[in-house]
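Just remember that the numbering used here sits 528 ahead of the position in the sequence shown, which is counted from 1.
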Amino acid sequence: MLGSKAGLMGEVPVGAVIVKDNRVIASAFNSREKDQIATHHAEIKAIEKANKKLKSWRLDDCDLYVTLEPCPMCAGAIVNARIKNVFYAVKDEENGGVSRFDILHGTMNHTTNAIQLAEFEEENKKIIKDFFKSKRKNK
């Protein structure tokens, strides 16, 4: 699991996978702390890898699967990349760009569908909560 790999490296445990024609074409996990680059969220890195693989900035026929609901920055990148669907496991009550700001719908000339995969929510929510609990404990 990509999110767990990020967590073991001290990163927020979020992973992202981009699928086209039922094949994974890109995957990534958060590396903002390691790289000290603010935009190194899993979604952004996966989008960049998919762009390179397809030799196109347009990811029209692609779906993105991600551990945590995308933040506003990532939601903007998803719309700009023309990704068709975003599937996420855990709703981000604090920073969610999908539900809180509704960035994916109606603000640009492309709309992306956002679907929460509730069957994966509890497992992934526990991983994220345990990560932050551990961070607070170690401070």
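Virtual Cβ for every residue (Gly too), placed ideally from N, Cα, C.
Pairwise C-alpha distance: residue j and residue i
| i | j | result |
| --- | --- | --- |
| arginine 664 | aspartate 563 | 22 Å |
| glutamine 644 | alanine 603 | 14 Å |
| aspartate 588 | alanine 574 | 15 Å |
| alanine 605 | glutamate 649 | 23 Å |
Residue burial classification, residue i (beta-carbon count within 10 angstroms, cutoff 16)
| i | result |
| --- | --- |
| phenylalanine 659 | buried |
| asparagine 637 | exposed |
| asparagine 641 | exposed |
| threonine 567 | exposed |
| asparagine 652 | buried |
| isoleucine 565 | exposed |
| threonine 595 | buried |
| glutamate 622 | exposed |
In DSSP terms, what residue i is bridged to
| i | result |
| --- | --- |
| phenylalanine 615 | Tyr593, Ile643 |
| lysine 548 | Arg551, Cys590 |
| alanine 556 | Ala544 |
Residues of its chain near residue i, where Cβ-Cβ distance is below 7 Å and the 5 sequence neighbours each way are ignored
| i | result |
| --- | --- |
| lysine 581 | Ile553, Ala554 |
Identity of the residue in the options nearest residue i by Cα
| i | options | result |
| --- | --- | --- |
| serine 584 | Arg610, Asp591, Ile656 | Arg610 |
| aspartate 549 | Ser662, Asn613, Lys657 | Asn613 |
| phenylalanine 615 | Met601, Leu632, Asn666 | Leu632 |
| asparagine 608 | Cys590, Ser559, Glu621 | Cys590 |
| methionine 537 | Glu576, Glu561, Pro600 | Glu561 |
| cysteine 559 | Val540, Pro600, Arg551 | It is worth fixing the name first, because residue 559 is serine in this sequence and not cysteine. When each option's Cα is compared against that of serine 559, the closest is Val540. |
Residues of its chain near residue i, where Cβ-Cβ distance is below 6 Å and the 5 sequence neighbours each way are ignored
| i | result |
| --- | --- |
| lysine 533 | Phe557 |
| glutamate 647 | none |
| glycine 624 | Glu597 |
| alanine 525 | With the chain covering 529 to 667 only, the question about residue 525 has no answer from this structure. |
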